[in-house]
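Protein chains in written order, with the working numbering: chain A, 1 to 243; chain B, 244 to 486.
There are 2 protein chains.
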Amino acid sequence: MPPPETRERILDSAEELFAERGIGETSLRALTRHARVNLAAVHYHFGSKEGLLDAVVERLATPINTARCRALDRLDQSAHTDAPTILWAFFQPVIARMEALERLGRTATLARLLARIESQPRAEVARLFERHFGDASRRCVEALAHALPELDRTVVAERFHFANGVLMALFSDRPGFEAHRGDTPVPRRDLPARAREAIAFATAGLCARSACSSLPMLVPATRPPSSAPDHGPDGTRIEVDSR
Amino acid sequence: MPPPETRERILDSAEELFAERGIGETSLRALTRHARVNLAAVHYHFGSKEGLLDAVVERLATPINTARCRALDRLDQSAHTDAPTILWAFFQPVIARMEALERLGRTATLARLLARIESQPRAEVARLFERHFGDASRRCVEALAHALPELDRTVVAERFHFANGVLMALFSDRPGFEAHRGDTPVPRRDLPARAREAIAFATAGLCARSACSSLPMLVPATRPPSSAPDHGPDGTRIEVDSR
DNA sequence: GGGGCAATCAAACGTCCGTTTGAAACGGAC
DNA sequence: GTCCGTTTCAAACGGACGTTTGATTGCCCC
Chain A
1 MPPPETRERI LDSAEELFAE RGIGETSLRA LTRHARVNLA AVHYHFGSKE
51 GLLDAVVERL ATPINTARCR ALDRLDQSAH TDAPTILWAF FQPVIARMEA
101 LERLGRTATL ARLLARIESQ PRAEVARLFE RHFGDASRRC VEALAHALPE
151 LDRTVVAERF HFANGVLMAL FSDRPGFEAH RGDTPVPRRD LPARAREAIA
201 FATAGLCARS ACSSLPMLVP ATRPPSSAPD HGPDGTRIEV DSR
Chain B
244 MPPPETRERI LDSAEELFAE RGIGETSLRA LTRHARVNLA AVHYHFGSKE
294 GLLDAVVERL ATPINTARCR ALDRLDQSAH TDAPTILWAF FQPVIARMEA
344 LERLGRTATL ARLLARIESQ PRAEVARLFE RHFGDASRRC VEALAHALPE
394 LDRTVVAERF HFANGVLMAL FSDRPGFEAH RGDTPVPRRD LPARAREAIA
444 FATAGLCARS ACSSLPMLVP ATRPPSSAPD HGPDGTRIEV DSR
C-alpha cells in the first residue's frame with residue numbers, strides 16, 4: 001500500500017478504542033500502541049486528538065449520510081412515499097453498517113461511539129452532528145412531514161427524534177434488559193430480526209394517532225411519587241453556587 | 244447542617260460535571276474546585292473516583308427505581324393492567340425527575356450522564372445498570388408480557404428496550420434534529436408536551452401489530468446501497484489487522 | 001480541659017497525559 | 001549521487017492527573 005497505511009490504522013484503532021473505553025479515557029499512547037504506530041504519527045496526520053476524533057466521525061458517518069440522501073433521492077421521484085418506506089430509507093444504511101461491524105465482532109461500536117460523542121461539550125457535538133448527519137436528517141423530516149400531512153410538523157420532528165432513539169437502542173445491547181422467563185434468560189434474536197422489530201416499533205410510533213389523552217395527566221402527577229419536599233432528600237437540591 | 248454537607252456538594256458537582264463534560268474529562272481537581280471542597284475529600288468520602296461515580300449513579304437512580312417499583316406494585320393489584328398504563332408507570336418517575344432537573348436549568352443532565360455511563364467499560368456498566376435499574380426493568384417486562392399475551396416474550400423485551408430508547412431520546416435534545424419550515428426553525432414544545440408525545444410514540448410501538456413484513460426485505464438489501472465492493476470506498480473497509 | 005474520633009486541609013507522591021522537537025529513513029526526480 | 005518532500009521515529013517537554021500522607025481542626029463525651 002502506498003503511504004496511507006498508518007493513517008488508516010490509527011483511524012481503526014481510534015474508532016475501536018474511543019467506542020470501547022471512551023474518548024477521554026483513551027490515551028494516545030494506548031491508541032498508538034494498539035495500532036502499532038509511532039506516537040507522533042497522530043499529530044502528524046490529524047494535528048491533535050480532537051482532529052483525530054473528527055476524522056473518525058467523518059469516516060464513520062459520511063457513507064451513512066450519503067447513502068441516506070441517495071435513498072431519499074430515489075424516493076423523491078418514486079411512487080412509494082409512505083412514512084414506513086421513508087423511515088426505512090433512513091434506517092437501512094446504518095443498520096447495514098451495523099451488520100458489517102457485527103460481522104467483524106464489533107457489535108456495539110457504532111452506538112457507543114455515538115453515545116460518547118453525544119456527551120461531548122455542547123458546541124462541539126452540535127457542530128459534529130450537524131455536519132455529519134444534518135443533511136439526511138432534515139431531508140427525512142421533510143419527506144415524513146409530506147407523507148404525514150395530518151400531523152403538525154413539530155410533531156413529525158419530535159417523532160423522528162424518537163425514532164432515532166429507537167435506532168440507538170437497536171445499536172446498544174444494554175445488559176439487564178434481556179427477556180426472562182422465570183430465572184432463565186431467553187436468548188436474544190439475531191440482528192436482522194431485531195432490526196425488523198425496531199422498524200416495526202418506530203413505524204408504529206411514527207404513525208400513531210395522536211398524543212395520548214387517555215393516560216393519567218402528566219402535569220399534576222409530575223412530582224416524584226415519593227413524599228419528597230420541594231428538593232428531594234437525595235439529590236434534587238437546588239444548587240447554591242455552582243459556578 | 245451536621246456533617247454531610249461536603250459529601251453532598253461533591254455529589255452535586257459530580258452529577259453536573261460528569262454529565263456535562265464526561266467522566267474521564269472531568270478531573271477531581273476541577274470537580275472539587277467547582278464544589279469548593281478540598282481535593283482529598285473525594286477520597287475520604289468515596290474512596291476513589293470510581294466510587295464517586297457509583298455514588299452519583301446511586302443517588303440518581305435509586306429514587307427513580309423505587310418509584311417505578313412502587314407504581315408497578317400498585318398496578319399489580321389494580322384493574323388497569325393494559326400496556327399503556329404499565330409503560331406510563333415506568334416512564335413517569337424518570338420524566339418527573341427530568342422536569343425537576345429542568346426547573347433547575349439542568350436539562351440534559353440525566354440523559355448525558357446515562358450516555359456517559361453506558362459507554363464505560365463493559366463489565367462495569369453492566370454491574371451499574373443491573374444494580375440500579377434491573378429490578379424495575381424486569382418487573383416492567385413481566386407486566387407487559389402479561390398485558391400483551393399475543394406477543395412472544397422475547398418481542399416484548401425487545402420492544403421494551405426500544406421504549407427505553409425513546410425515553411433516552413426524550414432526555415437528550417440532540418441538536419440538528421429540530422423541526423424546520425423552510426429555513427426558520429420551529430420552536431420546540433415544552434417538556435410535558437414532548438413527554439406526552441414520547442409516551443404516545445412508545446405506546447404505539449409497543450402495541451404494534453407485528454414486525455413489518457411489507458417492507459423491503461432486510462437481509463438481501465443489507466449491503467449499503469452504494470455500489471461498493473466488499474469494503475466500501477470510504478470507511479466501510481474490512482479491517483485487516485486491527486487487533 | 002483533655003482524650004478520641006470524624007472531618008478537613010495543604011502539600012507532595014509518582015505516573016501518565018497531549019504535544020513538540022529534531023533527527024533519521026524513505027522514495028522518486030533530475 | 002544528490003536533492004527534496006513526505007513520513008516515521010525516539011526522546012523529551014511541561015503540566016495535569018488520581019492518590020496518599022500527616023498535620024490540623026472542630027466537637028462531643030467524660
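Beta carbons: idealized from backbone N, C-alpha and C, even for Gly.
Along chain B, in chain order, which residues have C-beta atoms closer than 7 Å to that of Glu245 (chain A)? This structure leaves residue 245 (chain A) out entirely; chain A is present only between 1 and 243.
Excluding the 5 residues preceding and the 5 following Pro63 (chain A) in the sequence, name in chain order all residues of the same chain whose CB lies nearer than 8 Å to its CB. The residue you call residue 63 (chain A) lines up with position 63 of the first sequence. The beta carbon of Pro63 (chain A) lies closer than 8 Å to those of Pro93 and Arg97 in the same chain, with the five residues before and after it left out.
Taking only beta-carbon positions, decide if Gly294 (chain B) is within less than 8 Å of chain A. Against the second sequence, residue 294 (chain B) aligns to sequence position 51. Gly294 (chain B) does not count as touching chain A.
Within chain B, the residues that Phe201 (chain A) reaches when beta carbons sit closer than 7 Å: For this step, residue 201 (chain A) is matched to residue 201 along the first sequence. Simply Arg402, Phe405, Gly448 and Ala451.
Any beta carbon from chain A within less than 8 Å of Val280 (chain B)'s own beta carbon? Translated into the one-based positions of the second sequence, residue 280 (chain B) becomes position 37. Output row for Val280 (chain B): interface = no.
Are any of the Cβ atoms in chain B nearer than 8 Å to that of Pro220 (chain A)? The sequence position of residue 220 (chain A) within the first sequence is 220, counting from 1. Confidence at Pro220 (chain A) is low in this model, with a pLDDT of 37, below 50, so the placement of that residue is unreliable and no value is reported for it.
By the three-class DSSP mapping on this structure, what secondary structure does Arg432 (chain B) have? Position 189 of the second sequence, counted from the first residue, corresponds to residue 432 (chain B). Coil at Arg432 (chain B), not helix or strand.
Outcome for Ala322 (chain B) when other beta-carbon atoms lying within 10 angstroms are tallied against a minimum of 16: As a working mapping, residue 322 (chain B) is identified with position 79 in the second sequence. Exposed.
N- and C-terminal bounds of the alpha helix (DSSP H) containing Ala61 (chain A): Taking the first residue of the first sequence as position 1, residue 61 (chain A) is located at position 61. Counting along the chain, the alpha helix (DSSP H) containing Ala61 (chain A) begins and ends at Lys49 to Asp76.
For Arg70 (chain A) and Cys383 (chain B), the rounded distance between their alpha carbons: Here the question's residue 383 (chain B) lines up with position 140 in the second sequence. Here the question's residue 70 (chain A) lines up with position 70 in the first sequence. Rounded to whole angstroms, the gap between the alpha carbons of Cys383 (chain B) and Arg70 (chain A) is 40 Å.
Exposed unless 16 or more other CB atoms sit within 10 angstroms - verdict on Ala204 (chain A): Stepping through the first sequence from its first residue, residue 204 (chain A) is reached at position 204. Of the other Cβ atoms in all chains shown, 16 or more fall within 10 Å of the Cβ of Ala204 (chain A); this residue is therefore buried.
So which residues on chain B does Ala198 (chain A) lean against when the C-beta distance must stay under 7 Å? Along the first sequence, one-based indexing puts residue 198 (chain A) at 198. Result: Phe405.
For Pro93 (chain A), the first and last residue of its enclosing alpha helix (DSSP H): As a working note, residue 93 (chain A) is residue 93 in the first sequence. Per DSSP, Pro93 (chain A) belongs to the alpha helix (DSSP H) from Ala83 to Arg103.
Distance, Ala369 (chain B) Cα to Ala257 (chain B) Cα: Your numbering for residue 257 (chain B) matches position 14 in the second sequence. Your numbering for residue 369 (chain B) matches position 126 in the second sequence. C-alpha of Ala257 (chain B) to C-alpha of Ala369 (chain B): approximately 21 Å in a straight line.
Is Ala262 (chain B) near Arg355 (chain B), with beta carbons less than 8 Å apart? For the purposes of this step, residue 262 (chain B) is taken as the residue at position 19 of the second sequence. For the purposes of this step, residue 355 (chain B) is taken as the residue at position 112 of the second sequence. Yes, the pair counts as a contact, with Cβ atoms nearer than the cut-off.
For Ala208 (chain A), does the three-state DSSP call read helix, strand or coil? Start at 1 with the first residue of the first sequence, and residue 208 (chain A) comes out as number 208. The DSSP-derived three-state label of Ala208 (chain A) is coil.
What does the alpha-carbon distance come out to for the pair Arg250 (chain B) and Arg279 (chain B)? Mapped onto the second sequence, residue 250 (chain B) falls at position 7. Mapped onto the second sequence, residue 279 (chain B) falls at position 36. Near 11 Å, if we compare the C-alpha coordinates of Arg279 (chain B) and Arg250 (chain B).
I'd like to know whether the C-beta of Val42 (chain A) is nearer than 8 Å to at least one C-beta of chain B. Start at 1 with the first residue of the first sequence, and residue 42 (chain A) comes out as number 42. Under the Cβ distance rule, Val42 (chain A) does not count among the residues neighbouring chain B, no pair being separated by less than 8 Å.
For chain A, find out if any of its Cβ atoms is closer than 8 Å to the Cβ of Arg432 (chain B); answer yes or no. One-based indexing of the second sequence puts residue 432 (chain B) at position 189. At least one CB of chain A lies nearer than 8 Å to the CB of Arg432 (chain B).
Closest to Glu99 (chain A) by CA distance: which of A:Arg29, A:Ala202, A:Ala200 and A:Ala193 is it? As a working note, residue 99 (chain A) is residue 99 in the first sequence. Comparing Cα positions, the closest option is A:Ala193.
Give me the chain A residues within the contact set of Arg437 (chain B), using Cβ-Cβ distance strictly less than 7 Å, ordered along the chain. As a position in the second sequence, residue 437 (chain B) is number 194, starting the count at 1. Near Arg437 (chain B) (Cβ distances below 7 Å), the residues of chain A are Glu158.
Against chain B, with Cβ distances strictly below 8 Å, would Val57 (chain A) count as a contact? The residue you call residue 57 (chain A) lines up with position 57 of the first sequence. Chain B has no Cβ within less than 8 Å of the Cβ of Val57 (chain A).
Just checking: is the beta-carbon of Pro459 (chain B) within a distance shorter than 8 Å of some beta-carbon in chain A? Translated into the one-based positions of the second sequence, residue 459 (chain B) becomes position 216. Unreliable positioning characterises Pro459 (chain B) in this predicted model, as indicated by a pLDDT of 49, which lies under 50. The coordinate reading is nonetheless provided below. Yes, contact with chain A.
Quick one: is Asn397 (chain B) near chain A, going by C-beta distance under 8 Å? Within the second sequence, residue 397 (chain B) is the residue found at index 154, counting from 1. Strictly speaking, residue 397 (chain B) in this sequence is Thr, with Asn absent from that position. It does: the Cβ of Thr397 (chain B) has a partner Cβ on chain A nearer than 8 Å.
Exposure of Gly51 (chain A), with buried meaning 16 or more beta-carbon neighbours within 10 Å: Here the question's residue 51 (chain A) lines up with position 51 in the first sequence. Gly51 (chain A) should be labelled exposed.
In angstroms, rounded to a whole number, what distance separates the CA positions of Asn38 (chain A) and Thr32 (chain A)? To locate residue 38 (chain A), count along the first sequence from 1; it is residue 38. To locate residue 32 (chain A), count along the first sequence from 1; it is residue 32. Distance between the alpha carbons of Asn38 (chain A) and Thr32 (chain A) is about 6 Å.
Own chain, CB closer than 7 Å to Val398 (chain B), minus 5 neighbours either side, in chain order: Taking the first residue of the second sequence as 1, we reach residue 398 (chain B) at position 155. Correct list: empty, nothing qualifies.
Member of A:Ala169, A:Ser27, A:Leu101 and A:Leu206 whose CA lies at the smallest distance from the CA of Leu60 (chain A): Here the question's residue 60 (chain A) lines up with position 60 in the first sequence. Looking only at A:Ala169, A:Ser27, A:Leu101 and A:Leu206, the smallest Cα-Cα distance to Leu60 (chain A) is reached by A:Leu101.
Of the residues B:Arg264, B:Leu271, B:Glu301 and B:Val300, which one's Cα is nearest the Cα of Tyr287 (chain B)? Locating residue 287 (chain B) in the second sequence gives position 44, counting from the first residue. Comparing Cα positions, the closest option is B:Leu271.
Mind checking Ser291 (chain B): buried by the 16 CB within 10 Å criterion, or exposed? For the purposes of this step, residue 291 (chain B) is taken as residue 48 along the second sequence, with counting starting at 1. Classification for Ser291 (chain B): exposed.
Once DSSP output is grouped into helix, strand and coil, what is the label at Ser172 (chain A)? Working through the first sequence from its first residue, we reach residue 172 (chain A) at position 172. Note: Ser172 (chain A) maps to coil in three-state DSSP.
Any idea what DSSP makes of Asp12 (chain A), helix, strand or coil? On the first sequence, position 12 is the one that residue 12 (chain A) refers to. DSSP places Asp12 (chain A) in helix when its eight states are reduced to three.
Quick one: what's got a C-beta closer than 8 Å to Asp325 (chain B)'s C-beta in the same chain, skipping five residues either side? As a first step, residue 325 (chain B) is located in the second sequence; it is residue number 82 there, counting from the start. The answer, listed in chain order, is Ala390.
Close beta carbons around Ala441 (chain B), own chain, < 6 Å, minus the five adjacent residues each side: To locate residue 441 (chain B), count along the second sequence from 1; it is residue 198. Scanning its chain for C-beta atoms nearer than 6 Å, with the 5 sequence neighbours on each side dropped, one finds around Ala441 (chain B) the residues Val409 and Leu413, in chain order.
Under a three-way DSSP split, which group does Ala322 (chain B) fall into? For the purposes of this step, residue 322 (chain B) is taken as residue 79 along the second sequence, with counting starting at 1. Here Ala322 (chain B) sits in coil by DSSP.
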